[in-house]
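Protein chains in written order, with the numbering used here: chain C, 4 to 266; chain L, 22 to 363. Quick reminder that beta carbons are idealized off the backbone N, C-alpha and C, glycines included. Note that the structure is predicted; figures quoted are calculated from it, not measured. Below: one structure, written as structure tokens.
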Amino acid sequence: MRLTLPRFLQLAVTLLTAAFLIVPAIQSIVAGLTVNYFRGLSSGLTLRWVGEVWRLYADSILLSMGLAVACLGVTLVIGVPAAYALAKNPGRLSRILEEFISLPLAVPGLALALALLQLYGSMTGFRTSWTFILVGHVLYTLPFMVRSVLAVLMAMDLKSLEESAATLGASAATRFRTIVVPNAMPGILAGALTVVTLSIGEFNLTWMLHTPYLKTLPVGLADSYASMRLEIASAYTLVFFVMIVPLLMAMQWATDRAQRISR
Amino acid sequence: MTLTIRNASKTYPDGTRALLPTDLTVGQGEILSLLGPSGCGKTTLLRIIAGLETPDAGTEVRFDDEDVTRLAVERRNVGMVFQSYALFPNMSVRANIGYGLKVRKVPRAEREQRVDEVLALCRLGDYAERAVTALSGGQRQRVALARAMAPRPRILLLDEPLSALDAALRDSLRDELAAMLRQFRITAVFVTHDQAEALAIADRIAVMSQGRMQQVGPPEELYRTPVSSFVARFIGNAMPLPGSIVDGRLVLPGGHLPLPAGTSGTEVFVRAEDVHLDDAGPLAGTVETVAFSGGHYRIGIAGITGETLFATHPGRQAPRPGDSVRLRIDAGDLLVLPQDRS
Chain C
4 MRLTLPRFLQ LAVTLLTAAF LIVPAIQSIV AGLTVNYFRG LSSGLTLRWV
54 GEVWRLYADS ILLSMGLAVA CLGVTLVIGV PAAYALAKNP GRLSRILEEF
104 ISLPLAVPGL ALALALLQLY GSMTGFRTSW TFILVGHVLY TLPFMVRSVL
154 AVLMAMDLKS LEESAATLGA SAATRFRTIV VPNAMPGILA GALTVVTLSI
204 GEFNLTWMLH TPYLKTLPVG LADSYASMRL EIASAYTLVF FVMIVPLLMA
254 MQWATDRAQR ISR
Chain L
22 MTLTIRNASK TYPDGTRALL PTDLTVGQGE ILSLLGPSGC GKTTLLRIIA
72 GLETPDAGTE VRFDDEDVTR LAVERRNVGM VFQSYALFPN MSVRANIGYG
122 LKVRKVPRAE REQRVDEVLA LCRLGDYAER AVTALSGGQR QRVALARAMA
172 PRPRILLLDE PLSALDAALR DSLRDELAAM LRQFRITAVF VTHDQAEALA
222 IADRIAVMSQ GRMQQVGPPE ELYRTPVSSF VARFIGNAMP LPGSIVDGRL
272 VLPGGHLPLP AGTSGTEVFV RAEDVHLDDA GPLAGTVETV AFSGGHYRIG
322 IAGITGETLF ATHPGRQAPR PGDSVRLRID AGDLLVLPQD RS
């Protein structure tokens, strides 16, 4: 393959774009591991800043993980049966409902948070508890769960499968447990990973809803950039990466798999 | 088990009458086929028997002496084979077959034993641990049958069990299915639109059209003495001989035919195998097409009726297109039927 001018330009643009994206990330990671960022790498490498991050922000990290798990639990309990109901009753009303559930995707997180504050802001106990942020996260992530499960359910012959299970003596609850859920599993898995990833990374809405005692991982990150030395903020980025990148990769894999099935 | 259906009907919310009031009895161990074109109500009737469709008020479905009309599908103890087979893709062959026993909480040891029995009966032993997605069409059909039979249902219902297979496989599996159903000695109802399937498998056939039961009887009876032109056309592809009846003779463009004595019908039909080439025959026509199909020729002849009349010709030699031929149809082979009410 000869390196003609157009091909060379193509390659150059691609490499430049990649560098544009990757260099700051590397720089930030390196900064988080350097003894003194302003003296550069020659000052030596250290895990001290990572330790500092843990000391200062362990609560945020644990809160984010707890929130993600709770958010996953709620979206599973609401989202899977909702997707099942939508798949079983296809029709105009179902389409409208589906769009309605997806509305939080189109509305900016800030607006969503404002609405929640206006509605529940005066309920102090609720306002200052972590469940307040959970409500925001559920609103924001639910459409991803419903759509992911719905796509897989629509791709299979749900009606015949359920009818044949019924003739074999299975009640509605048994059919849901033994036929619907296991066959929807690729969609549930893809939805679950998406929900966890989004919940851990969500900043917009969470920033509006948080209190000084309730900072999630990304809110803590903003806080560390605003008020800590650069090394600590960079080490924080590193921690964030370590948590979110494997999740992102798993999500990509699960979503691909679910899409293969629904095609 | 004896299945008794009285006054079964189904009207959809939009007013479509899928099934007009119908009575039907299927005896112990009998295999009955519901035969008809698509949309004739045969699948609706099958689903009413299964409990998958709620019939109109006034319908009565009895399994022996028990009225099951209002019994939920999961408590009726029916075995059903679906058109698409609807095997559970998340389970192995063994788990599919054992599903009905498992949800009925049959103890594990007994369950395994029953599954092994059915696996052997349906010659699926070698495939027990496979995923159902790794099976051929014929194997899937056997798994669907085995799964329906494992819980020992009171009645077996089959919805177009062969239509998902390709044509070559369908013919060979038809006889296999017939043999297996006989072996089970179970009361069975099976729906099909293919007359060859119904003739090969069923003890009795119920021909349906436009939501109505046209005729119920053994295959030979339906073939030889159809009560309506629909049945005559649908079973054995009888061809109409449109002509006027004058003095006990049928007057056709190609000649006159004597009718059997004492008939009161107004429409006359004949089957291709009863149309004979005979130089002394009373009908004259021109050969239009000749198709060789192994044991016989199928010859299309113009000029007898308004349309092409087909004759099955068993000879070693056939006339050529364009030849003039004479035909004979024996009076006893004519089907003289009343006009269809439609």
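Secondary structure of Ser-265 of chain L (DSSP, three-state): strand. By the rule that beta-carbons nearer than 8 Å mark a contact, Ser-167 of chain C touches chain L. In this model, Arg-97 of chain L and Gly-306 of chain L are separated by some 59 Å (Cα to Cα). With a minimum length of 3 residues, the unbroken runs of beta strand (DSSP E) contained wholly in the region 244–302 of chain L fall at 265–267, 270–273, 276–279, 288–291. In this structure, Cys-143 of chain L lies away from Ala-107 of chain L, with their beta-carbon atoms at least 8 Å apart.
Within chain C, the C-beta atoms nearer than 7 Å to that of Met-101 of chain L come from Ser-167, Thr-170, in chain order. Residue nearest to Arg-225 of chain L within the set L:Ser-184, L:Gly-232, L:Gly-119, L:Ala-209 is L:Ala-209 (criterion: CA-CA distance).
In this structure, the straight-line span from the alpha carbon of Phe-243 of chain C to that of Gly-128 of chain C is close to 30 Å.
In this structure, L:Ser-193 is the residue among L:Ser-193, L:Ala-352, L:Phe-211 with its C-alpha nearest to the C-alpha of Gln-160 of chain L. Within the region 46–67 of chain C, contact with chain L at the beta-carbon level (separation under 8 Å) is assigned to no residue. Annotation: Gly-60 of chain L to Asp-300 of chain L spans about 45 Å, alpha carbon to alpha carbon. Look at the region 64–142 of chain L and you find these whole runs of alpha helix (DSSP H), each 4 residues long or longer: 114–124, 129–142. By the Cβ rule, the region 146–162 of chain C counts as touching the region 78–90 of chain C, because three or more pairs are nearer than 8 Å. In this structure Val-56 of chain C is in contact with Ile-235 of chain C, their Cβ atoms being roughly 6 Å apart against a cut-off of 8 Å. Per DSSP, Glu-181 of chain L lies in no beta strand (DSSP E) segment and is marked neither H nor E. Approximately 22 Å separates the beta-carbon atoms of Leu-53 of chain L and Ala-171 of chain L; this is outside 8 Å, ruling out the contact.
When the five nearest sequence neighbours on each side are left out, the beta carbons in the same chain lying within less than 6 Å of the beta carbon of Ser-105 of chain C are those of Pro-146, in order along the chain. Listed along the chain, the chain C residues whose CB falls inside 7 Å of the CB of Phe-109 of chain L are Leu-164, Ile-182. Across the structure, Pro-182 of chain L and Tyr-244 of chain L are spaced so that their CA atoms are roughly 23 Å apart.
Its chain contains Ile-266, Gly-269, Arg-270, Leu-271, Val-289, Ala-352, Leu-355, Val-357 as the residues whose beta carbon lies nearer than 8 Å to that of Leu-280 of chain L, once the 5 sequence neighbours on both sides are disregarded; these appear in chain order.
DSSP places Arg-225 of chain L in the strand class (E or B) of the three-state scheme. Across the structure, Leu-161 of chain C and Ile-118 of chain L are spaced so that their CA atoms are roughly 19 Å apart.
His-214 of chain L has its alpha-carbon roughly 18 Å from the corresponding atom of Glu-241 of chain L. The region 183–201 of chain C and the region 242–260 of chain C touch, with no fewer than 3 CB-CB distances between them shorter than 8 Å. The bridge partners DSSP lists for Lys-31 of chain L are L:Leu-40.
In the three-state DSSP reduction, Gly-128 of chain C falls in the helix class (H, G or I). By the Cβ neighbour-count rule, Lys-126 of chain L is exposed, with fewer than 16 other Cβ atoms within 10 Å of its own. Under the three-state reduction of DSSP, Gln-49 of chain L is assigned to coil, being neither helix nor strand. DSSP, reduced to helix, strand and coil, places Ser-174 of chain C outside both helices and strands of the structure shown, so it counts as coil. Spatial neighbours of Thr-310 of chain L in its own chain (CB-CB distance under 6 Å, excluding positions within 5 residues in sequence) are listed in chain order as Gly-321. For Ser-54 of chain L, the three-state secondary structure derived from DSSP is strand. Contact note: Ser-174 of chain C reaches chain L through Glu-95, using a C-beta cutoff of 7 Å and chain order. Here the region 106–114 of chain C makes no contact with the region 38–56 of chain C; the two share fewer than three CB pairs at distances below 8 Å. Under the three-pair Cβ rule at 8 Å, the region 128–140 of chain C counts as touching the region 209–221 of chain C. DSSP places Tyr-318 of chain L in the strand class (E or B) of the three-state scheme. Within the region 235–256 of chain L, no residue has its Cβ closer than 8 Å to any Cβ of chain C.
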